[in-house]
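Student:
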Amino acid sequence: AQSVTQPDIHITVSEGASLELRCNYSYGATPYLFWYVQSPGQGLQLLLKYFSGDTLVQGIKGFEAEFKRSQSSFNLRKPSVHWSDAAEYFCAVGARGSGNTGKLIFGQGTTLQVKP
Amino acid sequence: KAGVTQTPRYLIKTRGQQVTLSCSPISGHRSVSWYQQTPGQGLQFLFEYFSETQRNKGNFPGRFSGRQFSNSRSEMNVSTLELGDSALYLCASSASGFNEQFFGPGTRLTVL
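Chain order of the listed sequences is A and B. Residue numbering for the first sequence is -12 to 103, as defined by our numbering. Residue numbering for the second sequence is 7 to 118, as defined by our numbering.
1) Given this structure, state the Cα-to-Cα distance separating Lys102 (chain A) from Ser1 (chain A), to the nearest angstrom.
2) With Gly9 (chain B) and Phe108 (chain B) assumed to form a contact (beta carbons below 8 Å), what rounded beta-carbon distance in angstroms separates them?
3) Using 8 Å as the threshold, is the C-beta distance between Arg73 (chain B) and Thr86 (chain B) below it?
4) Using a Cβ-Cβ cut-off of 7 Å (strictly less than) and excluding sequence neighbours within five positions of Ile18 (chain B), which residues of its own chain qualify?
5) At a CB distance below 8 Å, what residues from the region -1 to 16 of chain A approach chain B? Give them in sequence order.
6) What are the start and end residues of each continuous beta strand (DSSP E) run of 3 or more residues lying completely inside the region 4 to 36 of chain A, in chain order?
7) Between Gln(-11) (chain A) and chain B, is any beta-carbon pair separated by less than 8 Å?
8) Assuming contact is defined by CB atoms lying nearer than 8 Å, are Ser80 (chain B) and His35 (chain B) in contact in what I supplied?
9) Is there at least one Cβ from chain B nearer than 8 Å to Lys48 (chain A)'s Cβ?
10) Strictly below 8 Å CB to CB, what residues from chain B border Asn87 (chain A)?
11) With which residues is Gly72 (chain B) paired in a DSSP beta bridge?
12) Quick check on the DSSP output: what are the complete beta strand (DSSP E) runs of length 3 or more inside the region 57 to 81 of chain A, in order along the chain?
13) Applying a beta-carbon distance threshold of less than 8 Å, which residues of chain A neighbour Gln74 (chain B)?
14) Going along chain B in order, which residues have a C-beta closer than 8 Å to the C-beta of Gly40 (chain A)?
15) Who are the near neighbours of Asn87 (chain A) in its chain, counting only those whose CB is closer than 6 Å to its CB and skipping five residues on each side?
16) In this structure, does DSSP put Ile(-2) (chain A) in helix, strand or coil?
17) Identify the contact partners of Gln95 (chain A) in chain B, using a Cβ-Cβ distance below 7 Å as the criterion.
18) Are Val80 (chain A) and Tyr12 (chain A) closer than 8 Å when you measure CB to CB?
19) Note down, in chain order, each residue of its chain lying with its Cβ closer than 8 Å to the Cβ of Gly130 (chain A), except the 5 sequence neighbours on either side.
20) For a contact meaning CB atoms closer than 8 Å, what does Leu27 (chain B) contact in chain A?
21) Give me whichever residues DSSP pairs with Glu120 (chain B) in a beta bridge.
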């Protein structure tokens, strides 16, 4: 069965510092991979996605993520965090194949706090 | 393009009642997925509809059902509400079900 693990439940960084949020997945083949961000009481906004090809993907708001097949990881990074980045971040996996349509499996989320 | 819209945004019901939530996908998107988000269980997939047919289903009891109309709008229904059904219900649309999903703002359901 597919699963997603975000090892860090809560992370605090200083404004201007770099950020890395970890995501590990379990899946037999190469899945579709996503990072979403959720502000309190809101829906999820897509930050970036990986389907195939270049393993370093760029997203919105200055975020990037790197797919590492050997480590089954898809970590999210940002070189300089802004106070507005404080939110909850979710890594998600979508499986290929006709029996897996429309279904994303999410990690438990990482709450990012930004210190001034 | 307008984003995914969900109505109503907030609902308060009592145990035993039923509720219907609505979702309008992004124009041109034919796949609509529904998720339940709770503090304890996180985000869990309920089901996906494509061209008025349920194509995929998660592990939820039969009290949770849905449908999709010819214009791709979707509704989900929860019958015989239980306290544990209190959650944020999120709808997401995608072009085909294999692409990225775009989420609506959610419907916050509280069951008393």
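Backbone N, C-alpha and C define an ideal beta-carbon position, used for all residues, glycine too. These figures come from a predicted structure and were not determined experimentally.
Tutor: This is what the structure gives:
1) Going by the C-alpha atoms only, they are around 4 Å apart.
2) About 7 Å separates the two Cβ atoms, so the contact holds.
3) The answer is no: Cβ separation not under 8 Å.
4) The residues Thr116 and Leu118, in chain order, have a CB closer than 7 Å to that of Ile18 (chain B) in the same chain once the five nearest residues on each side in sequence are set aside.
5) For the region -1 to 16 of chain A, no residue has a beta-carbon sitting nearer than 8 Å to a beta-carbon of chain B.
6) Counting only runs of 3+ residues, the beta strand (DSSP E) found wholly inside the region 4 to 36 of chain A occupies 6 to 8, 11 to 13 and 19 to 25, in chain order.
7) With a threshold of 8 Å between beta carbons, Gln(-11) (chain A) makes no contact with chain B.
8) In this structure, His35 (chain B) does not lie closer than 8 Å to Ser80 (chain B) by Cβ.
9) Cβ-Cβ to chain B under 8 Å: no for Lys48 (chain A).
10) Those within 8 Å of Asn87 (chain A) in chain B are Asn62.
11) Paired residue(s): B:Met82.
12) Whole beta strand (DSSP E) segments, 3+ residues: 60 to 65 and 74 to 81.
13) Within 8 Å Cβ-Cβ: nothing; Gln74 (chain B) doesn't reach chain A, min ~11 Å.
14) When 8 Å is used as the limit between beta carbons, Gly40 (chain A) is near no residue of chain B, the shortest such separation being about 15 Å.
15) Nothing meets the Cβ criterion.
16) Per DSSP, reduced to three states, the secondary structure at Ile(-2) (chain A) is strand.
17) Residues of chain B whose Cβ lies closer than 7 Å to the Cβ of Gln95 (chain A) are, in chain order, Gly48.
18) For Val80 (chain A) and Tyr12 (chain A), yes; Cβs fall inside 8 Å.
19) As displayed, chain A neither begins before -12 nor continues past 103, which places residue 130 (chain A) out of reach and without an answer.
20) Within 8 Å Cβ-Cβ: nothing; Leu27 (chain B) doesn't reach chain A, min ~13 Å.
21) Any property of residue 120 (chain B) remains undetermined from this structure, which presents chain B solely from 7 to 118.
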